[in-house]
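Single-structure report; data block below.
There are 2 protein chains.
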Amino acid sequence: MNNKIKEFQKKLVKLKLPLALIFSTKLKDPAFFYFSNISPEYALMLMSSKFFPRIYCSSLDFEELKASSRIKPFLQFKKNTLEQIKKLTKTHKIKKIGVNFSYLTVKELKNLKKLFKCKFVDISDELLNLRAIKTNDEINIYKKACRLTEQIWSKALAQIQRKKLNTEVQVKEFIEQQIKLINHAPSFPTIVASGKNAAIPHHVTNNDKLNGFCIIDFGIRYKGYCTDVTRTIFIGKPTNKEEKFYNLVYETKECAANKISSGEKILNVVKTARKHLGKYDKYFTHGLGHGIGLEIHELPNLKETSKEKFENGMIFTIEPGIYFKLKFGIRIEDDYLLERNKLIRLTKAPKKLVVV
Amino acid sequence: MNNKIKEFQKKLVKLKLPLALIFSTKLKDPAFFYFSNISPEYALMLMSSKFFPRIYCSSLDFEELKASSRIKPFLQFKKNTLEQIKKLTKTHKIKKIGVNFSYLTVKELKNLKKLFKCKFVDISDELLNLRAIKTNDEINIYKKACRLTEQIWSKALAQIQRKKLNTEVQVKEFIEQQIKLINHAPSFPTIVASGKNAAIPHHVTNNDKLNGFCIIDFGIRYKGYCTDVTRTIFIGKPTNKEEKFYNLVYETKECAANKISSGEKILNVVKTARKHLGKYDKYFTHGLGHGIGLEIHELPNLKETSKEKFENGMIFTIEPGIYFKLKFGIRIEDDYLLERNKLIRLTKAPKKLVVV
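Same order as they appear, the protein sequences are chains A and B.
For the first sequence, the working numbering begins at 328 and goes up steadily by one.
For the second sequence, the working numbering begins at 328 and goes up steadily by one.
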């Protein structure tokens with residue numbers, strides 16, 4: 328991550344920002360953890376091309392986090408800390424300070440402005456772009472995280488096949504228990520939606536018995552990083568038409584994946600996927616995918632309105648789906664890594680519909 | 328809660344704000360749930376004295392939350408919703424809009440400003456003050472929530488006494504399991520700190536064996552509302568001096584409680600408590616207490632810098648503590664309700680140190 332700190336410092340030079348303040352407050356800015364490896368209740372990170380990065384951490388967490396912080400000096404946040412930083416800005420004639428507008432409330436910025444006689448400039452895009460290209464360490468974390476995610480799914484599927492899990496809530500609870508058993512956490516609340524419920528992308532898992540198409544959308548948080556996969560299985564006997572719909576969604580995912588290479592425009596890939604769905608395109612009611620990382624939704628954003636291109640080092644989901652209101656829904660989602668111009672599938676949804 | 332909506336509308340009139348927008352976005356504003364009884368992924372509430380309150384909710388949650396929303400009309404958030412509201416502001420010649428600066432990111436406000444040609448005014452204080460005085464419904468919820476909290480503690484204590492729970496993590500996990508078993512959630516991550524660890528107010532619960540003074544700080548979230556209690560027990564045989572320290576902290580809590588009445592200045596109560604601690608005051612390193620509600624820290628803030636007074640309808644904690652670095656710590660916290668000028672203790676920390 329030291330290279331990322333250097334890269335960010337270069338960005339600051341380019342933006343003519345001698346100082347950036349990154350906060351861990353009410354909204355825990357993932358950029359704080361990204362650089363420092365810690366996520367305190369209240370802390371402040373100074374980033375500058377002029378002097379070493381440093382952290383001021385509130386006394387509540389100070390002792391606990393001292394050893395884990397990647398950034399040193401690791402100092403205690405005191406009553407006069409902001410005053411000291413203000414002095415620093417005066418000494419160095421700093422007129423502009425970068426802060427992350429996406430992780431600072433209006434009130435917090437207002438309070439900063441009261442104290443500092445500086446202009447505050449948004450650095451959210453720079454931080455997001457930095458995080459979109461994963462480091463080798465992050466890629467290794469993802470390879471492991473995706474293996475663990477697949478293992479959790481195998482266990483859940485085996486229990487469904489043995490008829491040990493028969494309702495949506497049972498599947499959700501089993502998956503979340505298994506994640507806890509390996510000492511990790513879900514990256515978001517597991518979604519299990521079967522029958523008519525599967526036609527609602529954000530259905531709230533309930534006590535309904537599993538039947539027909541059953542969508543299971545879950546992920547784990549491993550060393551801070553989120554995985555996100557969706558499996559669709561069928562409980563009962565699918566008709567030929569139903570199997571064909573599964574195949575269509577699966578092929579749409581493959582078709583999008585085949586189009587991806589470094590430098591390819593994202594919108595072209597989304598268009599290709601939508602074209603593949605043909606007349607069923609209108610039943611595909613959400614984005615084609617999204618970057619994953621410290622947050623469950625990061626850059627790149629696989630949307631038709633995207634102006635970005637795919638780049639090596641990106642890790643993202645591809646998740647086409649079709650939803651027939653009050654009937655059924657299908658979604659298949661895998662995690663991918665674009666590395667040395669090769670798209671690597673990190674998780675493996677089955678090509679053939681799994682029937683239980 | 329309808330009275331609270333009316334009260335808030337009156338505040339808007341007083342502030343000369345014809346419109347307030349309350350958002351449920353990245354930061355779920357508790358005020359959104361407060362008025363509506365729902366907490367969507369993305370939604371927007373219009374509050375005005377000029378027209379009926381209404382909600383626009385994103386399609387992801389729309390179907391699920393339609394029935395539970397206390398505020399109708401409950402409409403679907405569409406691509407042109409903000410444009411429609413903009414038209415509304417033009418029709419009604421609205422120049423100023425109230426928003427909650429504490430629950431809106433700088434970026435979100437920036438985007439609103441791009442669209443609306445209005446001034447945005449902070450309504451965070453008005454919302455916090457409104458929530459500080461609980462309604463009868465909220466008081467009833469708290470009475471039940473506190474009973475449940477006490478039951479959880481009784482179960483945990485029984486297990487500790489039977490030597491079934493021997494480490495910090497075991498106590499934490501048992502408490503959180505029991506909370507889950509009654510279909511609720513912890514209001515914050517349970518803190519268990521024993522021996523030297525108890526001297527660190529925000530100690531991260533670990534595998535250390537319980538010994539000496541053992542602080543257990545936890546709460547449940549019941550129907551959205553947070554309880555927050557701390558119990559200190561002793562594992563082993565306390566010296567006379569140690570028992571006296573427990574009594575001192577307990578009496579400090581009682582002494583503060585006895586001072587409280589409607590109209591009493593908060594700072595006077597804090598001073599009284601600190602005075603009672605005498606020369607040990609300097610080992611009391613945090614606030615005396617805080618309001619509880621939809622958030623774990625609300626108004627009133629029991630600090631010496633407070634300018635507020637106690638009022639009927641307030642629900643808050645009193646939690647004195649003393650911490651001797653590298654030695655031990657004691658904290659005792661109960662939840663209280665001030666009702667018809669009478670202070671009611673909703674939870675009951677034992678007067679006599681519990682020795683296991």
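Ideal Cβ placement from N, Cα and C applies to all residues, glycine included.
Nothing here was measured: the structure is a model prediction, and the numbers come from that model.
query: Counting Cβ pairs closer than 8 Å, one from the region 584 to 599 of chain B and one from the region 517 to 533 of chain B, do we hit at least three?
result: Touching, no.
Residues within the region 520 to 539 of chain B neighbouring chain A, beta-carbon criterion of under 8 Å: I527, P528, H529, H530, V531
- prompt: How about A/V498: is its C-beta nearer than 8 Å to some C-beta of chain B?
  reply: no
task: Would you decide whether A/R458 is buried or exposed? Buried here means 16 or more other CB atoms lie within 10 Å of its CB.
output: When all chains shown are included, A/R458 counts as buried.
- request: Express the C-alpha separation of A/H617 and A/V597 in angstroms, rounding to a whole number.
  value: 11 Å
query: What does B/N628 pair with, by DSSP beta-bridge criteria?
result: B/H617
message: Helix, strand or coil, according to DSSP, for B/C541 in the structure here?
response: strand
task: Please indicate yes or no: does the CB of B/T476 lie closer than 7 Å to some heavy atom of the ligand ADP?
output: In the structure on display, the ligand ADP does not appear, and there are no ligands present to speak of.
Stretch-stretch touch, CB-based, cutoff 8 Å, three pairs: the region 595 to 614 of chain B with the region 659 to 667 of chain B: no
- prompt: When Cβ atoms are compared, which residues of the region 363 to 385 of chain B fall closer than 8 Å to chain D?
  reply: Protein chains in the displayed structure are A and B, and chain D is not among them.
Best match in A/R658, A/Y469, A/I365, A/K355 for proximity to A/A394 [C-alpha to C-alpha]: A/I365
message: I need the DSSP call for A/F389, collapsed to helix, strand or coil.
response: helix
- request: Say whether the region 491 to 499 of chain B touches the region 534 to 543 of chain B, bearing in mind that this needs 3 or more beta-carbon pairs closer than 8 Å, one atom from each stretch.
  value: yes
Endpoints, the beta strand (DSSP E) within which A/Y696 is located: The structure shown does not extend to residue 696 of chain A, since chain A is modelled only from 328 to 683, so the question has no answer here.
message: Within 8 Å, do at least three Cβ pairs link the region 641 to 658 of chain A to the region 565 to 577 of chain A?
response: yes
message: Buried or exposed, going by whether 16 or more other CB atoms sit within 10 Å of the CB of B/L629?
response: Buried is the call here.
- prompt: Quick one, which residues of the region 390 to 421 of chain A are near chain B if we go by CB-CB under 7 Å, in chain order?
  reply: E390, E391
- request: Please confirm if A/L621 has its CB atom under 8 Å from at least one CB of chain B.
  value: Judged by the 8 Å Cβ criterion, A/L621 is not in contact with chain B.
field: Secondary structure of A/R582, DSSP reduced to three states
entry: The sequence given here places Cys at residue 582 of chain A; Arg does not occur at that position. Helix at A/C582.
query: Looking only at C-alpha atoms, which of B/K491, B/T476, B/F360 sits nearest to B/I506?
result: B/T476
- prompt: Three-state secondary structure (DSSP) at B/D661?
  reply: strand
message: Taking the alpha helix (DSSP H) that B/K482 belongs to, which residues open and close that run?
response: Where B/K482 is concerned, the enclosing alpha helix (DSSP H) stretches over 463 to 488.
- request: Using a cut-off of 7 Å between C-beta atoms, extract the partners of A/S429 located in chain B.
  value: T432, K434
- prompt: Residues of chain A with CB under 8 Å from B/S451, in chain order?
  reply: Here the neighbours are K434.
message: What residue range does the alpha helix (DSSP H) around A/A600 cover?
response: 593 to 604
task: Would you verify that the beta carbon of A/D388 is, or is not, closer than 8 Å to some beta carbon of chain B?
output: So, interface residue.
- prompt: Which of helix, strand or coil does DSSP assign to A/A358?
  reply: helix
field: Buried/exposed call for A/F540, threshold 16 Cβ in 10 Å
entry: Counting C-beta atoms within 10 angstroms of its own C-beta, A/F540 has 16 or more neighbours from the protein chains shown and is therefore classed as buried.
- request: Could you round the C-beta distance between A/T432 and B/F428 to whole angstroms and report it? I think they count as a contact, below 8 Å.
  value: Right, their Cβ atoms sit about 6 Å apart.
query: At a CB-CB cut-off below 8 Å, which residues of chain A make contact with B/L354?
result: K353, L354, T432
task: Decide if A/V340 is buried, meaning its Cβ has at least 16 other Cβ atoms within 10 Å, or exposed.
output: exposed
field: CA nearest to the CA of B/L673, picked from B/I412, B/V556, B/K331
entry: Checked all of B/I412, B/V556, B/K331; the closest Cα to B/L673 is B/V556.
query: Can a CB atom of chain A be found closer than 8 Å to the CB of B/K580?
result: no
field: contact_flag[the region 345 to 363 of chain A, the region 444 to 464 of chain A] where n(CB pairs < 8 Å) is 3 or more
entry: Using a C-beta cut-off of 8 Å, the region 345 to 363 of chain A makes contact with the region 444 to 464 of chain A, since at least three inter-stretch Cβ pairs fall below that distance.
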